[in-house]
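Student: So the protein sequences, as listed, match chains A and B.
Be aware that the first sequence starts at 1, since it is given in the numbering used here, and climbs by one per residue.
Be aware that the second sequence starts at 261, since it is given in the numbering used here, and climbs by one per residue.
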Amino acid sequence: MIKSVQIPGKIKAFLIEIGELSYFAGRFFKEAFSRPFEFKELLRQCYNVGNRSLLLVGVTGFILGLVFTLQSRPTLMEFGAESWMPSMVSISIVREIGPMIIALICAGRISSGIGAELGSMRVTEQIDAMEVSGTNPFKYLIVTRIMATTLMVPLLIIFGDAIALYGSAIVENLKGDVSYQLYFNKAFNALKFSDVIPATIKSFFFGFAIGLVGAFKGYNCKKGTVGVGEASNSAVVYTSMLLFVIDFIAVFLADIFFEI
Amino acid sequence: MNNTTAIAPILKIKDLRKSFGDNHVLNGFTMNLHKGENLVIMGKSGSGKSVMIKCLVGLMEPDSGYIEIMGKDISKLKRNQLDKLRTEIGFLFQGSALYDSMTVRENLEFPQRKHQKKFGDKEKLVLKALDSVGLADAIDLMPEELSGGMKRRVALARAIILNPKIIIYDEPTTGLDPITAKEIIELMRKIQKDYGSSSLIITHDVDCSRVISNRMILLIDGINYAEGTFKELSSSKDKKIQAFFK
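Dropping the structure here:
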C-alpha cells in the first residue's frame, strides 16, 4: 500500500513559489523573442537601472577597494609580500568580490525598486488598465525590466570593479609609494581570461536574477499597500539568496571548465 | 419596462459563475446590455460586481458561463483578437488607475500605441478627449499634480479616447465629494450623448443611479436578483430591494 507523504506547509509554499517563478521565467523568454518589441521602454529602463545606480555602485566600489587594500596590507607586509598587493586585489575583485558585492547592492537598489513599482502598479489597477487598453503589460513592464537589468548589471559590475581597483591604487600610492602606472601594470598582468570570462558571464545571470525576482514579486503583488512592502522586501531577500546560489554554480562550473 | 430590450444586445452574459475557494461570488449571473443604453448594476460591497466586470474584459477567467461582446464569444478569442475587441470597450477604474510615471498626454496616448493606423493623429485624439472632460490645460501635468476629481476626468478621457462602443464604469463616484461626484455624473451623461456609446455602470451611489440609468440590475447573492427602471425598483416592496434605496 502506498502511503501519502504530508509536505509541511512552508516547504509546500516554497516549492509552489519556485514553480511559479520558473513559469514566470519561461513566459519571459517566450515574450522576449516575439513581436512587437518595446525598444523605447527598454532604453528608458536601461537608463533607470544603469545611470541611476552609477553613483551608488561607484561609491561602493571605491570604498570596497580602499578598505580591502587597507585591511590586507598589514598581513602582506608581515610576510614581506606587499608587492603582491595589486595582483591579489585585482584577482579577488574581478573574480569574486566585485561581482558579488555590486550584485547585492543592485539587488537592494534595483530589485526592490522594481518590486515596489510594479507592486504599487498592481494594487492601483494600473496593470489591469494596461491590459484592458490592449497592451500586453507583461511585455511592456516585465520583459523590458528584466532585459534592462540583464544588460546593465554586468556594465555596472565592470564599472564598480574599475573604481575598486582605483581605490586600491590610491591606498598603495599613498601608503606604499607605488606609482599608479606600476600598480595597474601589476594588477592587469595578473589577470587571465579565466578570471575575466567566468566573472563576466555570471554577472549576466546576476542581472537576470535581479530583474526576474523583482518583477515576479511586484507583478504578483497582493494585499494592497502591505503587499507592496512585502513585495519589495521579499524581492531583496529572494534575489540575494538566488545570487549566492548562482555564484556557487558559477564557481563550480568555472572550476571545471577553466581550472581556476 | 424599457423599450431597449427589443434591440439585439451589444453585450450578453449568461449563467456566469465564479468562486474563490468556498466563497461563491457569482452564482449564475445573467444580463444583457443594449446599444445606447445606460445600465446600472447595484450591489453591496463584496457582492461580485467588480469580479463580474473583470470577467467581462478578460482580466479574470470565470469558472463557467457565457460572455458575448458585440457578437463575439470572448472565451474563444485569441490574445490579439481580444486586444482588438478591447479597443471597443472603455474602462473607468474605481481609483482612476492613471499611470504614475507618465504625463496626462502620455496616459492618453498609451491606449493608441498599437492602434495608431486605425485611429489616426494621436495629438488630435488626445486634445479631443481632454476637451470632452474639460481638462485641455492639464495635458502636460503628472497624475500626482491632479486632484481626485481631475484624475477621474483624465481617466474618463482615457476610457473614451478610442471612441468605444461600450464604456464600463467601476464605481465612478466613489471617493469623490458630492459636488465633484455630480460633475462626473453630468460628464458621463454628456459623453454618452456625444459618443453614442452604451454604458455599464457599477455603483452603490443611489443618486448616480437615479440620474443616469435607463435600467438597473440588483446583484444580490451572486445573481440578477431584480431588474427594472429606477422608479420600478425604488418603489418595490421587497425588503432586500428596499435596503438599497433607504
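Glycine included, C-beta positions come from ideal geometry on N, C-alpha and C.
Cβ of A:G214 within 8 Å of Cβ of A:S133?
Tutor: No, they are not a contact pair.
Student: Using a Cβ-Cβ cut-off of 8 Å, state whether B:K278 counts as contacting chain A.
Tutor: For B:K278, the answer is no, since every Cβ of chain A falls outside 8 Å of its Cβ.
Student: Does the CB of B:G303 have a neighbour CB from chain A at under 8 Å?
Tutor: No - not a single Cβ of chain A is within 8 Å of the one on B:G303.
Student: For A:R27, which residues does DSSP report across the bridge?
Tutor: For A:R27, which the question treats as bridged, DSSP gives no partner whatsoever.
Student: Let's see if you can read the secondary structure: which residues bound the beta strand (DSSP E) around B:T463?
Tutor: Looking at the DSSP string, the run of the beta strand (DSSP E) that includes B:T463 is S458 to T463.
Student: Since B:E328 and B:K272 should fall inside the 8 Å C-beta cutoff, what is the C-beta to C-beta distance between them, to a whole number of angstroms?
Tutor: The Cβ separation is near 4 Å, so the contact holds.
Student: Please name the residue in A:G176, A:T225, A:P8 and A:A25 whose C-alpha comes closest to that of A:G80.
Tutor: Taking only the C-alpha atoms, the option nearest A:G80 is A:G176.
Student: How would you list, in chain order, the residues of chain B whose beta-carbon sits under 9 Å from the beta-carbon of A:A261?
Tutor: Outside the shown range of chain A, which is 1 to 260, sits residue 261 of chain A, and nothing can be said about it.
Student: Taking only beta-carbon atoms, is B:K374 less than 8 Å away from chain A?
Tutor: Yes, B:K374 lies at the interface with chain A (some Cβ there is under 8 Å from its Cβ).
Student: Of all the CB atoms in chain A, is at least one closer than 8 Å to the CB of B:R346?
Tutor: It does; some Cβ of chain A falls within 8 Å.
Student: Going along chain B, which residues have a C-beta under 7 Å from A:T124?
Tutor: Near A:T124 (Cβ distances below 7 Å), the residues of chain B are G355 and A357.
Student: Measure the CB-CB distance between A:S247 and A:M100 and report whether it falls below 8 Å.
Tutor: Correcting the residue type first, residue 247 of chain A is Asp in the shown sequence and not Ser. Going by C-beta atoms, A:D247 is nearer than 8 Å to A:M100.
Student: Would you call B:S469 buried or exposed, if buried means 16 or more other Cβ atoms sit within 10 Å of its Cβ?
Tutor: Buried, by the Cβ-count rule.
Student: Would you be able to state if there are at least three C-beta pairs under 8 Å between the region 139-153 of chain A and the region 185-192 of chain A?
Tutor: The region 185-192 of chain A vs the region 139-153 of chain A: no contact.
Student: Can you pull the chain A neighbours of B:L319, defined as C-beta to C-beta under 8 Å?
Tutor: D128, E131 and V132, listed in chain order.
Student: Mind listing the chain A neighbours of B:I349? Cutoff is C-beta to C-beta under 8 Å, in chain order.
Tutor: Going along chain A in sequence order, the residues near B:I349 (Cβ under 8 Å) are V132.
Student: Beta carbons nearer than 8 Å to chain B: which residues of the region 131-155 of chain A have them?
Tutor: From the region 131-155 of chain A, only E131, V132, S133, G134, T135 and N136 have a Cβ closer than 8 Å to chain B.
Student: Please report the straight-line C-alpha distance between B:N262 and B:M476, rounded to a whole angstrom.
Tutor: Confidence in B:N262 is poor, its pLDDT being 46 and thus under 50, which makes the residue's placement too unreliable to answer from.
Student: Compare the C-beta of B:P371 with all C-beta atoms of chain A and state if any pair is closer than 8 Å.
Tutor: Yes - at least one Cβ of chain A is within 8 Å of the one on B:P371.
Student: Leaving out five residues on either side along the sequence, give the residues of the same chain with a beta carbon under 6 Å from the beta carbon of B:T433.
Tutor: The residues are A441, I444, D465 and C468.
Student: Looking only at its chain, what residues have a beta carbon closer than 7 Å to the beta carbon of B:L358, apart from the 5 residues adjacent to it on each side?
Tutor: Around B:L358: N367, P403, K411, V414 and A415.
Student: If you measure from the beta carbon of B:D391 to each beta carbon in chain A, is any gap under 8 Å?
Tutor: By this cut-off, B:D391 is not an interface position.
Student: Is there at least one Cβ from chain A nearer than 8 Å to B:D498's Cβ?
Tutor: So, not an interface residue.
Student: Scan the region 3-86 of chain A and note each continuous beta strand (DSSP E) run of 3 residues or more that stays entirely inside, going in chain order.
Tutor: None, since the region 3-86 of chain A contains no complete beta strand (DSSP E) of that length.
Student: Is B:D343 close to chain A? Criterion is C-beta to C-beta, closer than 8 Å.
Tutor: With 8 Å as the cut-off, B:D343 counts as an interface residue toward chain A.
Student: Report buried or exposed for A:Y140, applying the criterion of at least 16 other Cβ atoms within 10 angstroms of its Cβ.
Tutor: The residue is buried, with at least 16 neighbouring Cβ atoms inside 10 Å.
Student: How many Å lie between A:L54 and B:E383 at the Cα?
Tutor: C-alpha separation (whole angstroms): 36 Å.
Student: Which residue or residues does DSSP assign as beta-bridge partners of B:M476?
Tutor: DSSP output for B:M476 lists B:V300 and B:G488 as bridge partner(s).
Student: Would you be able to state if there are at least three C-beta pairs under 8 Å between the region 69-76 of chain A and the region 191-209 of chain A?
Tutor: No, because fewer than three Cβ pairs between the region 191-209 of chain A and the region 69-76 of chain A fall closer than 8 Å, the two stretches do not touch.
Student: As a quick exercise: from B:E405, B:A417, B:G409 and B:L479, pick the residue whose alpha carbon is nearest that of B:A396.
Tutor: Cα-wise, what sits closest to B:A396 is B:A417.
Student: Could you tell me the alpha carbon to alpha carbon distance between B:T363 and A:M130, rounded to whole angstroms?
Tutor: Going by the C-alpha atoms only, they are around 15 Å apart.
Student: For A:L155, collect the residues of the same chain with a Cβ closer than 8 Å to its Cβ; drop the 5 residues on either side in sequence, then sort them by chain order.
Tutor: G50, listed in sequence order.
Student: Is it the case that the Cβ atoms of A:V57 and A:G160 are separated by a distance below 8 Å?
Tutor: For A:V57 and A:G160, yes; Cβs fall inside 8 Å.
Student: Quick one: which unbroken beta strand (DSSP E) runs of 3-plus residues sit fully inside the region 401-457 of chain B? Chain order, please.
Tutor: Runs found: 426-430.
Student: By the 10 Å Cβ neighbour count, where 16 or more other Cβ atoms means buried, how is B:I274 classified, buried or exposed?
Tutor: Reading off the sequence shown, one finds Lys at residue 274 of chain B, where the question assumed Ile. Exposed, by the Cβ-count rule.
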